[in-house]
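Engineer: Can you read through this structure? Questions will come right after.
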Amino acid sequence: MALNEALILAILASSLVPGLIIFVLAESRIRLRTTLNLFGAVAKLILVGVLLAGVSAGEIYGFRHTVLPGLDLVVKADALALLFATLSAVLWLFTTLYAIGYLEGSPHRSRFFGFFSLCVTATMGIAMAGNLFTFFVFYELLTLATYPLVVHRGTPQAMRGGTVYLAYTLGGGALLLTGIVWLHGLTGSVDFAHGGYLSALGPDYGGQLQFVFLLLIAGVGVKAALVPLHGWLPQAMVAPAPVSALLHAVAVVKAGAFGVERIVYEVYGVEFAQSLDLLTPLAAVAAVTIVWGSFRALFQNDLKKRLAYSTVSQVSYIVLGTALFGPVGTVGGLVHLVHQGIMKITLFFCAGNYAETLGVHKVSELDGAGRRMPLTTLAFSIAALGMMGAPLTAGAVSKAWLLDGAAEAGMHWAGWVLWTSSVLNAAYFLPILWRAWARPAPAVWPEERVPARGRIETLWLLLLPPLATAIMTIAAAVFADSAWSPLAWARLIAAREYSGAMP
Amino acid sequence: MIPLLKRAAVILAAASFAGALVFAMLDLPAPGVHLPAAVEANMAASGVAHPVTAVLLNFRGYDTLLEVGVLLLALLGVLAVGARATPPAPAPGEPVKRMFARLAAPLMVLVAVYLLWAGAIQPGGAFQAGAVLGAAAVLLHLTGILPGWGAPGLRLRAGLAAGFLIFLVVAGALLAQGAVLAYPPAQAGRLILLIEAGLTVSLGLILAGLFLALSRDSGDEA
Amino acid sequence: MSTSLAFDLLLAAALLWSAWRTLATPDIFRAAILFIVFGLLLTLAWARLAAPDIALAEAAIGAGLTGALLLDAVGALRARRDSAL
Amino acid sequence: MTGLELSVALFLLANLVAALIAAERGPTAADRMLTALLFGSTGVGVLVLLAAAMRLPSLVDVALTLALLAAIAGIAFARRAWRGISGD
Amino acid sequence: MIEFASAALLFIGAFFYFAGTVGLLRFPDIYTRLHALAKADNLGLGFVLAGLALRAETLAAALKLLLIWPLALAASAAVTYAIAQRAETLGIAPWRGEEEP
Amino acid sequence: MSGGMIFAGAGAVLFTMGLVGVVLIGPLLRRILAFNVMGSGAFLVLVGLAQRDGGADPVPQAMVLTGIVVAVASTALALALARRLHRLTGRTTLSATDDD
Amino acid sequence: MTDPIAWLILLPLFWATAAFLLGPGRGARLAIAALLAQCGLALQLAADVIDGGARTHAVGGWGAPLGIDLAVGGLSALMLVLTQAIALPLAVYARAYFADGAPAVRYFWTLTGFLLAGLNALFLAADLFNLYVTLELVGLAAVGLVAAGGSARQVAAALRYLFAALVGSVMYLLGVALIYGAHGTVSLQTLAPLVDARAPAAVWIACGLMLAGLMLKTAIFPFHYWLPPAHGGAPAPVSALLSALVVKASFYLILRLSLEVFAPLAATAATALGLLGAAAIAWGSWQALRTVHIKMLVAWSTVAQLGYLFLVFPLLAPDGLALQAGVMQAIAHGLAKAAMFAAVGVLMLATGRDTLEGLAGVAGRMPLTLFAFGLAGVTLMGLPPSGGFLAKWLLIEAALTHGQWGWVAVVIAGGLLAAAYVFRVLRQAFLLAPADSPFHPVPRSMEWTAFVLATASMLLGLQGVELMSLLAAGS
Amino acid sequence: MTIRNLPLGAFLVRGLAFALLWWVLADGRTDAWGLGAVGAVAAAAASLRLLPPVRRRIGIAALVRFLAFFLWNSLRGGLQVAVMALRRRPGLRPAILEISLALPPGAPRLLLVNAITLMPGSLGARLSDDGRLRVHVLDARLPVAAELRALEVHIARLFGVARGGAS
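Residue numbers (our numbering), protein chains in the order written: chain A, 1 to 503; chain B, 504 to 725; chain C, 726 to 810; chain D, 811 to 898; chain E, 899 to 999; chain F, 1000 to 1099; chain G, 1100 to 1574; chain H, 1575 to 1741.
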């Protein structure tokens, strides 16, 4: 096996193997489990770094295994794959740290971390899938691996949430499968390619291809929480906070959005998709989702639910960016994939901190939280401002590119959608900030579990991750023009997609 | 119980099926393959002189091997659900019937051996012989001479399995030299007789067991 | 109509009739006895088909074993019902 | 002369068919059992006749076996099955 | 001559069989029917066997035919006794009517 | 019409009768009898049809011999099961609701 | 040791008999040792077939049509490997399961030996009448295994099963009788060129009878009524054997006969078979969603999964997609269902309950077993990367390439329904256990066998090429 | 039964009888003696096991006389039943008689009970241990009892035993 093949498999193995070992570990072996978790996360990060360096140097990393005659499992690391893989690897490290702190002393941690690792393995697989078949394999694996996490608490509410989650995702998976098999029947086993590979089929298949596109987008749209397929996401917020982080930022929702990008850019090809009139409807759906999600978020008193609707809205920025024909929109969508992840994970970390430390679950209970937990609230504020698109945050960068992209594509209505959304974002985030910073704290918190000790407002394992991601939120904007920023990488990808015609 | 309409429908369907079947059979042309001729042509190499026995133990001996297995299986099933741990003592029988059994059973043994011998040249063979042996045991049991079965002991098990085992060993030994049950023509007659002798004993025991393991003296006369 | 044809037809008719009665009668006892009768007729049919081997097996098994098995079972199945009555 | 044997066999068979009516009529279980026994003894006769008529001597063996085993069902009936309950 | 005797014996046998069947059908109760079965049928069988034995080609074949008869007799006697005894035990009384049923 | 054909025809009817019996009859013992009738019908067809030209054919005869032994074995097993069921539950039929 | 073909039949017969001689309940170690050897034989045979293609073994040296031939091709070699591969772990499992000497074990090893011999013989048979005998061998062994426990429920189930099996084989036998009458032979090889679409009516009827009989044995809707009580009531190792292998045997037969001999006639019934398959999926899943007994749920799932096998028939085409799908489904379901019953057996022993409700909390206590159940469930749902997924993939692809859209919907819906009933169990397992629920320790070997089988059903999804090349080798 | 106390004489006699039967069964074929010997020995062994030999002497003359008597009366019995069955009015008057047997227990009594069934008008219905036999008769008006006594005499003579007990 060549080194390059080994390397790419090692990325998958770096979370799979620790996960499998953790499964069979006894509950009491905390230290070994923690070591394994962190070792896996760090190793993965290093490996991703190696790949990043390699890919930008033009190396090709791939692994191919034939499952059935004419059906290959292909894993490869291209620029787009690494964009997502890097995001996941980085965020996974923080989420793991956070989860170790969050779950301290709770039962069934072996199972939890086992599935947790499996989840990230699946996400890596999705990122590096080299064809639709492989994509689907990992996509469904992700569904399966997240279910036990969603229902981890074993309460009836969690069960209900899990059932809704399954119903949506498995249903979506079925549609996706149909579409993929259909394409496989038409073209045989073909790998993802820049500019897509379906245009070779010619115009005779136009109708079929439009229908297949519908199937595929509906399939990935469930995970991407496109309206009206978003129903599971608010339900799934019953899961523990690290899981929410995973769902909203690291893995699930991202996998859906990433799927949209793969399908548009590397299956159909953005130009062929445009010629089939597929992009405008997609943009319309994204627009509806953006507005509808923001609007619903306004009325949620449950903090995590408000964040969940916010995710519904924000993820469709990515889809919208993809649907905007033209390299600028593409960059906007791609970069938002990363930025949204960083920001949203911060928010969920913070929400988890409030809940875990003070027992605060509702927006109305947040009064004065900023004084009791200033660092957490600071991180929350940065991320929330980023979501609104405030300057000097990652959100501002992606919004700017998206707006430009809309203008470039001649879809000015999309710009209005973005503005509307920003206003709505402000409308549901600012009250939270105001309550947290400006209102007096209540005499007694609903359930204060972690007493304040000096300057450390809660467990440091809970505090460190949101602060780190909050800093990244700013860094992504401040250093946007550097060679290693997400933006730079997104531009690289867009350049390849549009064969060099890059602004 | 069953609605009349349903019953009528079933019967109507059955009648039309039977009718179709009969007409289809009447309509058949003569078959293209004529096996009796092939049997006839190979009789000399079969080791026996009776065509049915030749088919049963030589040409299609493999069927017979498996079929003895089926019989043994049925007995296992009966033993598994039917036999009690300890058989009840034989009921005190009635002398007149007992006398008949005592006279008839040895005759049945003789007839069984005769049928076994006859199989080589004329109708007869291990099945029929075994059935007669089994019937003798049933008769002895019914007249209170032979007790019913509990879980069979080692000797009985050995007897039950002997015929099948002999058959199997012959099959295996012949396979080691070529093909399953491919008798060398010179030894075919002797091997078949060996197999049939074993089968007669075992089949007799098995068939008897099917009755003796099930039979319960609760149903006996007061 | 030759004698042999008459014999065969009569035998076939008797076979069918006895089978029909075996199946149609609601009483297990009667059914068992009719089935024994059916078996004996079947023996004759095998004889008529020039299949003495089968006739022999049918006679030995039908008369010796199946009959006893069935009647024993009828007795056992009725014993319980009667004592329950 | 084979025709004669077959004719006698046919006659006996007709007898048996008539006896089937007895099996129908009953009324007691034992009466029906008698029909079965009648079939046994008549069957032996028919078989030996057929043996002669069809020139199949081995049918005599069948008859012999049948004669030898015919008693079993009857004894099983008397000892195991007949409980003399109401009519049947 | 032998042919003739044989045919006669067969006819006589058939007659007894017939009588046995008629008896089975007409006699009124279980005991009387047993009489018919045990006596007439066995006699019929005996005559048929004798008739065929006359015509047998070998002595052994004839003896084989004749061997069937004692076997059938013994079996028939045993069964008849068994059934009659059972009937007795069950308390079935013999038929008392003067007229045919 | 040869003897073989007559018995093959009778066998076909017997098979059908037995099949109907197995489907319609509830009491186990009678159902076992129905199965036996069905089997006998199939055996008759096997030999009768093969011998419809009159000549004896040892191959189907041997098959039927095998089949008869199998049928006896099955019958004994079925009776054993039926009796066991009766002993345990007092039932002589399979009720429609004993599954699940 | 000359020909693995025949040894695959004789060897299990030998150890079954030996186990019988050893006495009630004995013979476990012998069986496991012999099964190891059988695995080797089956693999060797598969290798032979890949190298040398299909071949036959003339029993008695006569050759068809006078004698009986044993034939092995890709399809049968696959089934043989599957059978031994499932039986071996299950034997290990059963040894631990029956360690307490329950009444069901008395003849378990003997019956299992005969069952395996029957299955192997069935897969190798190339003669219609010989197939009848092997069907009986398999049927009676299976019934004996179901009944061996001796409880009223088991006996009732066994009776139901026995009647279905017997009626099925008699129908099959009548078909054989008609075929023999029409063509004068029962050898598949000899028959194949004789049967064409202009066949006389009797051959058509024979074909129908054999098909109906085999369908009854396969328990395809609406002939499924006997399966759930039998598979749901038997001891876990028995249920596993029956669900994984026995019903597949008659399906295999239908497939083989319709491919090799009755192809000109089988096409007419294909759509009807597919519809029955669809009905089976719907009805089996629906019942699995309703039942409260965990084992009945698994048994009903077998009814549903068998439906997939019948979807193959309307899609059979020279491209071989549907055939591959059917074989893949049979193998994947075999492994998965064996794992599932094994896992359920462990769970029932551990909790002492047989209802879904009793499973509350097992996720925490028996994660390995539950994981095995989950993996097996993934195969049943047809989710990647399992063997079941490949089967469904191939089915959908076959349906789409032939433009028969309807079957796609059936396959998809079936997968979702399977997910619904599998997650009924998983959900329950994740619930918090009632504090006072009893819990009995279970031998680790049982948990691991379930896990191994489940993993195998999963890994199958990554190793389809080898299987398909073996499948192609014979035909 | 061990080899030591194997009653050799009885074994030989019975073995020979079975060998004769074998010869009859085998249609007088001579190539069958191998298995025939096995069969005869097996049958004789079974017979000895089931019916241990009792020292008894049966004269040929008595046997012939008994057989003649028996055959003649069977014929009469058959005819009588046939006539009754075919007559317009059967004229039955059934009854059950009980008679005390004069024969000693064992084979003689059992032979009597079996033979009665084939005698005219009578049918053995129950033999009790103390030697009383219930007999069903077709027509109570016929002299059945006397005929039974005659049969008893023949059997007693056949076995060479005295008719003891009450008559």
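Note that the Cβ used here is the ideal one computed from N, Cα and C, for glycine as well.
1) Assuming A/Ala355 contacts A/Ala241 under a Cβ cut-off of 8 Å, what Cβ separation, rounded to an integer in Å, is found between them?
2) With a threshold of 7 Å between beta carbons, is D/Gly884 in contact with chain K?
3) Between G/Leu1561 and chain A, is there a C-beta pair that is closer than 7 Å?
4) Quick one: what does DSSP say C/Val762 is sitting in, helix, strand or coil?
5) Can you check whether the C-beta of G/Thr1478 is within less than 7 Å of a C-beta belonging to chain A?
6) Kindly indicate the opening and closing residues of the alpha helix (DSSP H) around A/His65.
7) For chain D, find out if any of its Cβ atoms is closer than 7 Å to the Cβ of E/Thr930; answer yes or no.
8) Name, please, each residue of chain B whose Cβ falls closer than 8 Å to the Cβ of C/Asp733.
9) Taking the alpha carbon of B/Leu636 as the reference point, which residue from B/Leu538, B/Leu619, B/Gly707 has its own alpha carbon closest?
10) Is DSSP giving B/Asp566 helix, strand or coil here?
11) Output yes or no for whether 7 Å exceeds the beta carbon distance between B/Val612 and H/Ala1617.
12) May I ask you to verify whether the region 853 to 867 of chain D touches the region 814 to 824 of chain D, counting CB pairs closer than 8 Å and requiring at least 3?
13) Considering only the alpha carbon of each residue, which of A/Met472, A/Pro374, A/Gly326, A/Gly341 lies closest to A/Gly410?
14) Whole angstroms are fine: how far does the CA of G/Ala1498 sit from the CA of A/Gly231?
15) 7 Å is my cut-off, CB to CB: does B/Ala512 come that close to chain C?
16) When the Cα of H/Ala1614 is compared with those of H/Asp1605, H/Leu1697, H/Leu1586, which residue comes out closest?
17) With distance defined between alpha-carbon atoms, name the residue in A/Ala127, A/Leu68, A/Val328 nearest to A/Ser88.
18) With 16 other CB atoms within 10 Å as the buried threshold, where does A/Asn301 fall?
19) Got a sec: which bits of the region 593 to 621 of chain B sit with their beta carbon under 9 Å from any beta carbon on chain E, in order along the chain?
20) Can you list, in chain order, the stretches of the beta strand (DSSP E) that have 3 or more residues and sit fully within the region 1298 to 1334 of chain G?
21) Would you tell me roughly how many angstroms separate the C-alpha atoms of H/Thr1576 and G/Arg1125, rounded to the nearest one?
22) Using a beta-carbon distance below 7 Å, is C/Ile811 in contact with chain B?
23) Does E/Met899 pass the burial test, meaning 16 or more other C-beta atoms within 10 Å, or should it be called exposed?
24) For G/Thr1233, which residues from the same chain have a beta carbon less than 6 Å from its beta carbon, with the 5 sequence-adjacent residues on both sides left out?
25) Counting C-beta neighbours from all protein chains within 10 Å, is the total for A/His412 16 or more, i.e. buried, or is it exposed?
26) Quick one, which of B/Ile709, B/Ala527, B/Ala700, B/Val525 has its alpha-carbon nearest B/Pro655's?
27) DSSP state of H/Ser1696, grouped into three classes?
28) Starting from the beta carbon of G/Thr1500, find every residue of chain A whose beta carbon is closer than 7 Å, and list them in chain order.
29) Just checking, does the region 1596 to 1604 of chain H make contact with the region 1473 to 1488 of chain G on the three C-beta pairs under 8 Å criterion?
30) Have a look at A/Leu201, A/Tyr61, A/Val90, A/Ser110 and flag the residue whose alpha-carbon is nearest the alpha-carbon of A/Gly341.
31) Please confirm whether F/Arg1029 has its beta-carbon closer than 7 Å to some beta-carbon of chain C.
32) List the whole-angstrom C-beta distance separating A/Pro465 from A/Phe349, where the pair is believed to meet the contact cut-off of C-beta under 8 Å.
33) Does any C-beta atom of chain F lie closer than 7 Å to the C-beta of G/Phe1228?
34) Going by Cα to Cα distance, which pick from F/Thr1088, F/Phe1042, F/Ala1049 is closest to F/Ala1011?
Structural biologist: Straight from the coordinates:
1) 7 Å
2) The chain labelled as chain K is not found among the protein chains of the depicted structure, namely A, B, C, D, E, F, G and H.
3) yes
4) Note: C/Val762 maps to helix in three-state DSSP.
5) No, G/Thr1478 does not count as interfacial toward chain A.
6) Run containing A/His65: none in the alpha helix (DSSP H); it sits in the beta strand (DSSP E), 61 to 68.
7) For E/Thr930, not one C-beta of chain D is nearer than 7 Å to its own C-beta.
8) Ordered by position in chain B, no residue passes the 8 Å Cβ test against C/Asp733, which lies about 15 Å from the chain.
9) B/Gly707
10) DSSP places B/Asp566 in the helix class (H, G or I) of the three-state scheme.
11) yes
12) yes
13) Proximity to A/Gly410 across A/Met472, A/Pro374, A/Gly326, A/Gly341 peaks at A/Gly326, based on C-alpha coordinates.
14) 31 Å
15) no
16) H/Leu1586
17) Of A/Ala127, A/Leu68, A/Val328, the residue nearest in Cα terms is A/Ala127.
18) Burial call: exposed.
19) Glu597, Val599, Lys600, Met602, Phe603, Ala604, Leu606, Ala607, Leu610
20) Fully enclosed beta strand (DSSP E) runs of 3 or longer: not present.
21) Only weak support exists for where H/Thr1576 lies, its pLDDT of 48 falling under 50; the value from the coordinates is given anyway. Between H/Thr1576 and G/Arg1125, the C-alpha separation is close to 34 Å.
22) Here chain C covers residues 726 to 810 and nothing more, so residue 811 of chain C does not appear.
23) exposed
24) Gly1217, Ala1220, Leu1221, Ala1224
25) Exposed, since its Cβ has fewer than 16 Cβ neighbours within 10 Å.
26) Residue B/Ile709 is the option with its Cα nearest to B/Pro655.
27) Here H/Ser1696 sits in strand by DSSP.
28) Gly185
29) no
30) When only C-alpha atoms are compared, the closest one is A/Val90.
31) yes
32) 5 Å
33) yes
34) For F/Ala1011, the closest C-alpha among the options F/Thr1088, F/Phe1042, F/Ala1049 is that of F/Phe1042.
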